[in-house]
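Asks:
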Amino acid sequence: MHTLDMTSDNSLHKQSTNQWEELRRQARHYENELDSKLLSFSQYVSKDITRDDGSETVPLISESRDGFEGLKGEIEGLVTALTDVNNQMSQYCERVQNASATIYTLQRHREILHDYTNEFHKTRLNIEAKLNRELLLGPHKKDTGFRTTTNKKNDLLLKESQHIRSSEIMIDEQINVAVRTREHLINQRNAFKTIQTHMTTMASMSAINCYSNHSLIHSLIVFYFR
Numbered sequence: 767m768h769t770l771d772m773t774s775d776n777s778l779h780k781q782s783t784n785q786w787e788e789l790r791r792q793a794r795h796y797e798n799e800l801d802s803k804l805l806s807f808s809q810y811v812s813k814d815i816t817r818d819d820g821s822e823t824v825p826l827i828s829e830s831r832d833g834f835e836g837l838k839g840e841i842e843g844l845v846t847a848l849t850d851v852n853n854q855m856s857q858y859c860e861r862v863q864n865a866s867a868t869i870y871t872l873q874r875h876r877e878i879l880h881d882y883t884n885e886f887h888k889t890r891l892n893i894e895a896k897l898n899r900e901l902l903l904g905p906h907k908k909d910t911g912f913r914t915t916t917n918k919k920n921d922l923l924l925k926e927s928q929h930i931r932s933s934e935i936m937i938d939e940q941i942n943v944a945v946r947t948r949e950h951l952i953n954q955r956n957a958f959k960t961i962q963t964h965m966t967t968m969a970s971m972s973a974i975n976c977y978s979n980h981s982l983i984h985s986l987i988v989f990y991f992r
């Protein structure tokens, strides 16, 4: 019976280890995909989306925006998938004992996700601002003396766009602070849980030792004073 119990425990441990390794494999896959997509995404910031003569400004901007929206959607999907994997890893850490190493690994994957998410948001806002600026000012960028009512309206729209972008950056930063705080609290809870498990185990062993010592002393007293 004892052999069967050990075999069952080893099997469960192996399954648990395999689950963790599979989650890590998925996390690394999504991280590599994000790294590649973000590199392509950042190229939109420096990409020239207008022609020298300005005659095809609108079609080029439309084409760039379509590509931008498509790549943005792919990155958002990868961020969602990686977030889901991180959540599964967090749930795994809450279930297992002696999770110090896994908690450290989870924290590293969370930091990578946080960095990629920040980079994505900042790059997205920069690209959107550039597309809006080119759309508003592109056709008249060579005519420095052209100051019509339309241009004034465009200037106002551009300023409003920049104001909105600044507000979005501020909101994103506040959200990131809240996310980091939540992750820190979760890590603390997992660490305390691990410590509590160790303390309970040590207390149980101490109680057993005390009981054994008490029994030994009682036996000696009975032996010598019977």
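In this note's numbering, the protein residues as written are 767 to 992. Just so you know, even glycine gets a beta-carbon here, dropped at the ideal spot from N, CA and C.
Check whether the segment 846-862 touches the segment 780-794, taking contact to mean three or more Cβ pairs, one atom from each stretch, closer than 8 Å.
Replies: With the cut-off at 8 Å, the segment 846-862 and the segment 780-794 touch.
Asks: For residue 865, which residues of its own chain have a beta-carbon under 7 Å away from its beta-carbon, when the five flanking residues on both sides are left out?
Replies: Closer than 7 Å at the Cβ level, and outside the excluded window around residue 865, lie 859, 956 and 960.
Asks: Count the CB pairs spanning the segment 798-813 and the segment 865-876 that are closer than 8 Å, and state whether there are at least three.
Replies: Too few Cβ pairs lie closer than 8 Å, so no.
Asks: Which term fits residue 946, buried or exposed, when burial requires 16 or more other beta carbons within 10 angstroms of its beta carbon?
Replies: Per the 10 Å Cβ criterion, exposed.
Asks: I'd like the list of long-range same chain contacts for residue 848, defined as Cβ closer than 6 Å, with 5 residues on each side in sequence excluded.
Replies: Only 796 and 879 meet the Cβ criterion.
Asks: Nearest to residue 856 by alpha carbon, out of 872, 886 and 939?
Replies: Residue 856 has its Cα closest to that of 872, out of 872, 886 and 939.
Asks: Starting from the C-beta of residue 953, find all residues in its chain whose C-beta is less than 7 Å away, skip the five residues before and the five after it, and write them out in chain order.
Replies: So the qualifying residues of the chain are 869 and 873.
Asks: Would the segment 882-894 and the segment 832-848 be scored as touching if the rule is three or more Cβ pairs under 8 Å?
Replies: In short, these stretches touch, since the Cβ pair count reaches three.
Asks: In this structure, does DSSP put residue 811 in helix, strand or coil?
Replies: In this structure, residue 811 counts as helix in the three-state DSSP scheme.
Asks: Verify whether the separation of the beta carbon atoms of residue 810 and residue 930 is less than 7 Å.
Replies: The answer is no: Cβ separation not under 7 Å.
Asks: Between the Cα of residue 834 and the Cα atoms of 937, 963, 962 and 898, which residue gives the shortest distance?
Replies: Closest by alpha carbon: 898.
Asks: Using the C-alpha atoms, what's the distance from residue 832 back to residue 967?
Replies: When rounded, the distance between both Cα atoms is 59 Å.
Asks: Using the three-state DSSP reduction, which class does residue 865 fall into: helix, strand or coil?
Replies: It is coil, neither helix nor strand.
Asks: Given a cut-off of 7 Å, decide if residue 944 and residue 875 are closer than it, judged by their beta-carbon atoms.
Replies: No. Outside cutoff.
Asks: Nearest to residue 862 by CA position, among 900, 783, 949 and 838, is which residue?
Replies: Answer by Cα proximity: 783.
Asks: Please report how far the alpha carbon of residue 933 lies from the alpha carbon of residue 888, in whole angstroms.
Replies: Taking the straight line from one Cα to the other gives about 12 Å.
Asks: Could you check if residue 939 is buried or exposed, using at least 16 other CB atoms within 10 Å of its CB as the buried criterion?
Replies: Exposed, since its Cβ has fewer than 16 Cβ neighbours within 10 Å.
Asks: Looking only at its chain, what residues have a beta carbon closer than 7 Å to the beta carbon of residue 890, apart from the 5 residues adjacent to it on each side?
Replies: Excluding residues within five positions, the ones whose Cβ falls inside 7 Å are 838.
Asks: Would you kindly work out how many angstroms separate the C-alpha atoms of residue 800 and residue 840, rounded to a whole number?
Replies: Near 9 Å, if we compare the C-alpha coordinates of residue 840 and residue 800.
Asks: With 16 as the cutoff for other CB atoms within 10 Å, does residue 877 come out buried or exposed?
Replies: When all chains shown are included, residue 877 counts as exposed.
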